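As numbered in my numbering, residues 13 to 185 make up the sequence shown, in order.
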Amino acid sequence: VANSTGYTEAASDLSITEIEWIERELFSNQLQGDHYFPEFNEFTVNWRYSHITAERDSPDEREYRYESGEFSSRVDGNLRNFSELDDTAKDFGVDLSMVFYGPMNSLITTQAGYVSAEKERESEIRRYGFAFAGPIANDPALLVKPLEQILAPENISPEGFQIREITRPTDNY
13 VANSTGYTEA ASDLSITEIE WIERELFSNQ LQGDHYFPEF NEFTVNWRYS HITAERDSPD
73 EREYRYESGE FSSRVDGNLR NFSELDDTAK DFGVDLSMVF YGPMNSLITT QAGYVSAEKE
133 RESEIRRYGF AFAGPIANDP ALLVKPLEQI LAPENISPEG FQIREITRPT DNY
């Protein structure tokens with residue numbers, strides 16, 4: 013929970029309350045192997061594989077704004093966001109080498125390698141705002157009360173505040 017106060021460019025008092033709960037998880041697994049075959053021209057194989065998943069879940073972020081002691085009617089001032097982010101990364105690599113012996117004690121080492129990296133991300137955000145829709149929402153006596161009274165269930169109605177989805181097209185990918 014964060015609460016900040018200050019002044020706007022119009023010299024009015026400003027109070028913003030932010031409530032966040034964020035869960036993060038990271039899982040990382042890695043396997044690797046080194047193999048040496050001296051009987052096959054000192055053939056070596058070095059390989060590695062990793063699988064990583066990361067998740068971020070913010071089930072109910074809230075931001076509320078009061079300007080000059082009154083609940084703000086700005087669209088971006090009173091929000092609730094729900095978001096999830098999932099990342100997956102898979103990497104595989106192999107390195108090969110082999111030694112060849114030539115004339116006059118010459119030595120030739122050949123090497124080859126391969127790397128593959130695959131990454132995937134899925135993000136989903138839903139944004140909601142409180143629209144001032146009717147006489148209840150525009151009652152000056154209500155707008156200076158504590159948040160719990162302003163957004164009480166009886167005030168969420170066609171005559172009061174309406175919850176509107178304001179998710180952007182770029183929020184989900």
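Just so you know, even glycine gets a beta-carbon here, dropped at the ideal spot from N, CA and C.
Just so it is clear, the structure is predicted and the values come from calculations on it, not from any experiment.
Considering only C-alpha positions, which residue in the set the options is nearest to residue i?
i	options	result
E75	F142, I148 and N150	F142
A66	Y185, L155, R133 and P158	R133
D151	L43, H47 and F83	F83
G89	N167, I28, I120 and S128	I28
I168	T182, E177 and F144	F144
A129	F55, P115 and A101	A101
A55	P181, D183, I31 and F112	Note on residue identity: the sequence assigns Phe, not Ala, to residue 55. Comparing Cα positions, the closest option is F112.
G81	S24, E30 and F49	S24
R36	Y185, N58 and R68	R68
L155	K131, I64 and S85	S85
Y185	D99, T121 and M116	D99
S40	L119, E160 and I64	I64
Rounded to whole angstroms, how far is the Cβ of residue i from the Cβ of residue j, which I believe are closer than 8 Å?
i	j	result
P170	G146	6 Å
Y140	I175	5 Å
N93	S70	7 Å
V87	I178	7 Å
Exposed or buried, which one is residue i when buried takes at least 16 other CB atoms within 10 Å?
i	result
A149	buried
I34	exposed
G172	buried
I162	buried
Can you check whether the CB of residue j is closer than 7 Å to the CB of residue i?
i	j	result
S62	D103	yes
L43	E79	no
L97	S135	yes
S109	I137	no
G105	R77	no
D46	N58	yes
Beta strand (DSSP E) segments (min. 3 residues) lying fully within the stretch 107-181: Taken in chain order, the complete beta strand (DSSP E) segments of 3 residues or longer contained in the stretch 107-181 are 119-144 and 173-177.
Quick one: which unbroken beta strand (DSSP E) runs of 3-plus residues sit fully inside the stretch 18-62? Chain order, please. With a minimum length of 3 residues, the continuous beta strand (DSSP E) runs that stay inside the stretch 18-62 are 25-31 and 35-49.
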